[in-house]
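K.L.:
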Amino acid sequence: MERAELIKALKDRFESDAFLGAASLPIAAPAAAQSSSATTANAKPPTTPVHRAPIAADEIERRRVALQVIDDNEVKGCTQCCLSETRTKTAFGVGAPNARIMFVGEAPGHDEDIQGEPFVGKAGQLLTKMIEAGMGLKRSDVYICNVLKCRPPNNRNPAPDEVIACRNFLWRQIEIVQPEVIIALGAPAAQTLLNTREGIGRLRSQWHDFHLSGTPGVGDPIPLMPTYHPAYLLRSPGEKNKAWSDLKMVMTRLSLPLPAR
Ligand code: SF4
0 MERAELIKAL KDRFESDAFL GAASLPIAAP AAAQSSSATT ANAKPPTTPV HRAPIAADEI
60 ERRRVALQVI DDNEVKGCTQ CCLSETRTKT AFGVGAPNAR IMFVGEAPGH DEDIQGEPFV
120 GKAGQLLTKM IEAGMGLKRS DVYICNVLKC RPPNNRNPAP DEVIACRNFL WRQIEIVQPE
180 VIIALGAPAA QTLLNTREGI GRLRSQWHDF HLSGTPGVGD PIPLMPTYHP AYLLRSPGEK
240 NKAWSDLKMV MTRLSLPLPA R
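Quick note on numbering that gives the first Met the number 0: the sequence shown kicks off at 0 and runs consecutively.
Here it is as C-alpha cells:
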C-alpha cells in the first residue's frame, strides 16, 4: 500500500471509530481549525451549500405546538392500520421543531414501543453517537422520527399498506419542521421518501431531491441523503466508513465543521 493510501486508510479508520463513539479520540477541533478543515477536507463539493436565515422564537414555538397537536390529537389514538392493535405506545418524533437536519428511520422497535420515543434502543444509542461524537451536534439539535409511528410485530419491515396509512404524518412533520436536509436511514425510509424500489447501496452516497408536493417542479425540493440504518451498522460495522462518508457530505452541504485529524 502506498504511503498516501495508508495515511488515508488510517484517517478513515480513526474518523469512523470516533463516529461509532469509541472513547478517547478527540473529535472537536478549535473553531479556527474546524473552519479550515471544512473547506479543505472535501475534495469534491457536491452541490450548492444550504443556508437559511435564523428562525424567530415565536415561529419555533408555533412549530412545536403544531407537532404536539398532531401527536396528541391524531397519532396517539390512531387506528388507521393494524399496527394499532399490537403497539404499546406510538413514537411520533423528537427533537428541535426548527432542526436543520431531520433523520427518518423506518419504524419503532421494542424499546421505542415501550418508551414512546424514536431511536432510544441500541440503534438509537448509535444514532446519538453518530450525531454527537461524529457530527459534533446535540441530539436535541436535530429532529428524529420514523416513517411508521407504531412498531411492526417482531420488527418486520413496514408493509406497503402501513406505509400508505402512516406517511401522511411524516409528510406533515417535514412540512412543519422544514429541515434543510433529510437523512433517510435505511432502505424503507429512503424508498418511501423517494418513491423508488432502488436498494440503499445504490441510493446512498449521493444527493436526491425530496418533493413534499410529490411532484418534481412543484415547490422547493429538500436535499435528501440516504445512508445505512444504525441497526444495520451494528450488525455490519465494516460499513461504518460508508455511513460516515455520507454524514460528512451532509455536514459539508450545511457548512458544518468537519472533525479535524
Ligand atoms: S402505524 Fe401509523 S397509521 Fe398505523 S396505527 Fe400507527 S400511527 Fe396509525
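Glycine included, each C-beta is placed from N, C-alpha and C at the ideal position.
Compute the beta-carbon to beta-carbon distance between Lys148 and Ala90, rounded to the nearest angstrom, for a pair I have assumed lies under 8 Å.
P.N.:
Locating residue 148 in the sequence shown gives position 149, where the first residue counts as 1. Locating residue 90 in the sequence shown gives position 91, where the first residue counts as 1. Rounded, the Cβ-Cβ distance is 6 Å, consistent with contact.
K.L.:
Between Gly104 and Gly120, how many whole angstroms is the CB-CB distance? I'm expecting something under 8 Å.
P.N.:
Taking the sequence shown and counting its residues from 1, the one referred to as residue 104 is at position 105. Taking the sequence shown and counting its residues from 1, the one referred to as residue 120 is at position 121. Their Cβ separation, rounded to whole angstroms, is 11 Å, which puts Gly104 and Gly120 out of contact at 8 Å.
K.L.:
Considering only heavy atoms of the ligand SF4, does any lie closer than 7 Å to the CB of Gly144?
P.N.:
One-based indexing of the sequence shown puts residue 144 at position 145. Note that residue 144 is Cys in the sequence shown here, rather than Gly. Not so, every heavy atom of the ligand SF4 lies at least 7 Å from the Cβ.
K.L.:
Skipping 5 residues on each side, what residues in its chain have a beta carbon closer than 7 Å to that of Gln172?
P.N.:
By one-based count along the sequence shown, residue 172 stands at place 173. Taking C-beta separations shorter than 7 Å and ignoring five residues to either side along the sequence, the partners of Gln172 in its chain run Leu66, Gly92 and Cys144, following chain order.
K.L.:
Please report the distance separating the alpha-carbon of Ser254 from that of Glu116.
P.N.:
Position 255 of the sequence shown holds residue 254. Position 117 of the sequence shown holds residue 116. Between Ser254 and Glu116, the C-alpha separation is close to 29 Å.
K.L.:
Check whether the Cβ of Val249 lies closer than 7 Å to any heavy atom of the ligand SF4, and answer yes or no.
P.N.:
Residue mapping note: residue 249 aligns to position 250 of the sequence shown, counting from 1. Because no heavy atom of the ligand SF4 lies under 7 Å away, the Cβ of Val249 does not count as near it: no.
K.L.:
Use the C-beta contact count for His50: other C-beta atoms within 10 angstroms, 16 or more gives buried, fewer gives exposed.
P.N.:
Counting from one through the sequence shown, the residue named residue 50 turns up at place 51. That one is exposed.
K.L.:
Which partner residues of His207 appear in the DSSP bridge assignment?
P.N.:
Numbered from its first residue, the sequence shown carries residue 207 at position 208. In the DSSP output, where bridge partners are listed per residue, His207 has Leu223.
K.L.:
Just verifying my parser: in three-state terms, what is the DSSP assignment at Phe168?
P.N.:
Residue mapping note: residue 168 aligns to position 169 of the sequence shown, counting from 1. In the structure shown, Phe168 adopts helical secondary structure according to DSSP, grouped into three states.
K.L.:
Tell me which residues share the same chain as Leu211 and place their Cβ nearer than 8 Å to its Cβ, disregarding the 5 neighbours each side in the sequence.
P.N.:
For the purposes of this step, residue 211 is taken as the residue at position 212 of the sequence shown. Closer than 8 Å at Cβ, skipping near neighbours: Trp170, Ile173, Glu174, Gly218 and Ile221.
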